[in-house]
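Encoded as structure tokens, the structure appears first; notes follow it.
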Amino acid sequence: MSYTISWEIVWSSLPLLASGMLDTLKLAGMSVVIGLAVGVAGAAARVSRIAGLRAVTVAYVEAVRNTPMLVQLYFVFYGLPQLGIRLDSNATALVALSLYCGAYILEIVRASIEAVGRGQVEAARALGLSEAAVFGSVVLPQALRSSLPALGGQVIVMLKLSSLASVIGAVELTYRVVDIVAQTYRSFELYAMAGLAYLAMTLATAAFFRLLESRLRIPR
Amino acid sequence: MNIIVDNLGYILSGAAATVRLAALALVFALALGAIAGLLRLYAPPPLRILSVAYIELFRGTPVLVQMFFIFFGLPLLLGWNVSAFTAASLALVLNNGAYFAEITRGGMQAVPREQWSAGLALGLSFRQVLTAIVVPQAIRRIIPPAVGQFTILVKDTSIASAIGFFEMTRAGQHVVERTLAPFEIFTLVGMLFFLVCYAGSSASRRLERHLARAGAVGEGAWRYVFGAR
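Protein chains in written order, with the numbering used here: chain H, 1 to 220; chain F, 1001 to 1229.
See the structure below:
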């Protein structure tokens, strides 16, 4: 059996690959933004004084973090319509990825909140700040800054995980590549190319977060 | 409820395949990870660069794409006939090996440099210091994140269903096609994954707390010198 490598097909499908990369960046980026909102709100609930609220966040975090992303996608895509909640492939991917990302960010932010010095909270209260202001303008900014490395890691995880959305037919890079492979049978070149494209995106993200960390480092 | 009872056996046969795949991948990934991690730390430049390239490549790309490449891409070029099981295990081994390599490296680097200096000053060889002094201390730091990585490995076995390997997620899909009850079936599949992964992730957390309490490396070293009390 002889198979000759031909990069021509990769060359001619570059526009499609580029638009797939853009879709992947959009999907992962939006899931991180929504996940950040869910995670920060959840972390606030997780450290609140209301036991019921704490229990809900724990259940959410454990359920999401201890089941596979793929099963969550299937659950939202095929399972939820039984309850009358119908989402198309792209919406399912966004919802499932955001919820997944939110659970991880919740834990990241919670750990950072707990690492903020007790003295900071006491000083803020002594200055007469409201509880909301203590959390929002004293604890949270410090916690987010020290979460930065872990958040960068999570963005990279989401870039890679978003590839699973192709399995339910959501449009992103892997979906595009699978589609072109189905038409051209050039699976070797195209999957190698897909790997390189993901590698470029994850390495760029890592570099971006390193830069951000050095810019936002707390001066000592 | 009947749907679950009637199909539990079939789902569990998928679960058995999941366990086989995860166990096999774990063993080889741990071995590969230890080797790659040590090469990255101590090998001469060509081997070190090779291991860095391997680690970065497999940590920087999705498991799904790795599986597609190994299952659909490579066989075309090499003329191999690769089964879904082989491709899935190979991808999981290579992927998790890269993560275990970084965990190994982190654990080794957490052992203070003085331990090396002291060992070498006492006239021990590089290998003796490595195996008798550094590795026993590093293991304590490696185990908690390695257990955490194992739960990720268990979750990632579900991706093998995308290349047609029969495991628990695939078994769930088959049952859904027959019964048209995706809500119940995927809840069941999710719960079965949860059982294993929750056990793993809470064990990882407990081990980490235990390590923090034990005073980490300091006490580990004393124990090694004077024997366990």
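A virtual CB, placed ideally from N, CA and C, is assigned to each residue, including glycine.
Checklist entry - Using a C-beta to C-beta distance shorter than 9 Å, which residues of chain F count as neighbours of H:Tyr100? => result Result: empty, since nearest Cβ-Cβ is about 11 Å, beyond 9 Å.
Next on the checklist: Between the region 1024-1031 of chain F and the region 1090-1107 of chain F, can you find at least three pairs of beta-carbon atoms closer than 8 Å?
Outcome noted: yes
Checklist entry - Should H:Gly128 be counted as a contact of the ligand ATP given a C-beta to heavy atom distance under 7 Å? => result What this structure holds is no ligand at all, so the ligand ATP is not there to describe.
Item to check | Closest residue to H:Val64 among H:Tyr104, H:Arg110, H:Ala207, H:Ala192 (Cα-Cα distance) | outcome: H:Tyr104
Checklist entry - Nearest chain F C-beta to H:Gln82 closer than 8 Å, yes or no? => result yes
Checklist entry - What residues from chain F crowd round H:Phe135, counting only those whose CB sits closer than 7 Å? => result Within chain F, no residue comes near H:Phe135; the closest Cβ sits about 25 Å away, beyond 7 Å.
Next on the checklist: Please report the distance separating the alpha-carbon of H:Leu80 from that of F:Phe1183.
Outcome noted: 6 Å
Checklist entry - Quick one: is H:Leu16 near chain F, going by C-beta distance under 8 Å? => result no
Item to check | Neighbourhood of F:Ile1055 by C-beta, 7 Å cutoff - its chain only, sequence neighbours within 5 removed | outcome: Ala1036, Arg1040, Ala1098, Ala1101, Glu1102
Item to check | F:Met1070 classed as buried or exposed, judged by whether at least 16 other C-beta atoms fall within 10 angstroms | outcome: The sequence given here places Ile at residue 1070 of chain F; Met does not occur at that position. So F:Ile1070 ends up on the buried side.
Next on the checklist: Am I right that F:Thr1086 and H:Gly195 are in contact with their C-beta atoms under 8 Å? What's the rounded C-beta distance?
Outcome noted: Going by Cβ atoms, the distance from F:Thr1086 to H:Gly195 rounds to 19 Å, so no, they are not a contact pair.
Next on the checklist: Can you look up H:Glu172 in the DSSP assignment and give me helix, strand or coil?
Outcome noted: coil
Item to check | Entirely enclosed alpha helix (DSSP H) segments - the region 9-71 of chain H, minimum 4 residues | outcome: 14-46, 51-65
Checklist entry - Which residues mark the beginning and the end of the alpha helix (DSSP H) in which F:Pro1235 is found? => result This structure cannot speak to residue 1235 of chain F, because chain F is shown only from 1001 to 1229.
Next on the checklist: If you follow the alpha helix (DSSP H) that F:Glu1167 is in, where does it begin and where does it stop?
Outcome noted: Looking at the DSSP string, F:Glu1167 is not in any alpha helix (DSSP H), and its letter there is neither H nor E.
Checklist entry - Out of curiosity, what's the CA-to-CA distance linking H:Gly119 and F:Arg1020? => result 51 Å
Checklist entry - When Cβ atoms are compared, which residues of the region 85-97 of chain H fall closer than 7 Å to chain F? => result none
Item to check | Own chain residues within Cβ distance below 7 Å of F:Val1111, not counting five before or after | outcome: Val1134, Gln1137, Ala1138, Val1217
Checklist entry - In its own chain, which residues sit with a C-beta less than 6 Å from the C-beta of F:Val1196, not counting the 5 before and 5 after it? => result Val1154
Checklist entry - Are the C-beta atoms of H:Glu62 and some chain F residue less than 8 Å apart? => result yes
Item to check | Close Cβ partners of F:Gly1172 (< 8 Å) along its chain, the five nearest in sequence each way excluded | outcome: Ile1011, Gly1014, Ile1185, Phe1186, Leu1188, Val1189
Next on the checklist: Short of 7 Å in beta carbon distance, which residues of its chain neighbour H:Ala43, apart from the five on each side in sequence? Order them along the chain.
Outcome noted: Leu106, Val109, Arg110, Ile113
Next on the checklist: Alpha carbons only, please: which of F:Thr1104, F:Tyr1042, F:Gln1149 is nearest the one belonging to F:Ser1204?
Outcome noted: F:Gln1149
Item to check | Neighbourhood of F:Val1225 by C-beta, 6 Å cutoff - its chain only, sequence neighbours within 5 removed | outcome: With a pLDDT of only 39 at F:Val1225, under 50, the local geometry of the prediction cannot be trusted, and no value is derived from it.
Checklist entry - Would you say F:Tyr1021 reaches chain H, if we count a Cβ-Cβ gap shorter than 8 Å as a contact? => result Here residue 1021 of chain F is Leu; the residue named in the question, Tyr, does not match the sequence. No, F:Leu1021 does not count as interfacial toward chain H.
Item to check | H:Leu222 vs H:Ala165 beta-carbon contact at 8 Å | outcome: Chain H is shown only over 1 to 220; residue 222 of chain H falls outside these bounds and no answer can be derived.
Next on the checklist: Closest to H:Pro141 by C-alpha separation, out of H:Arg46, H:Val40, H:Gly35, would be which residue?
Outcome noted: H:Val40
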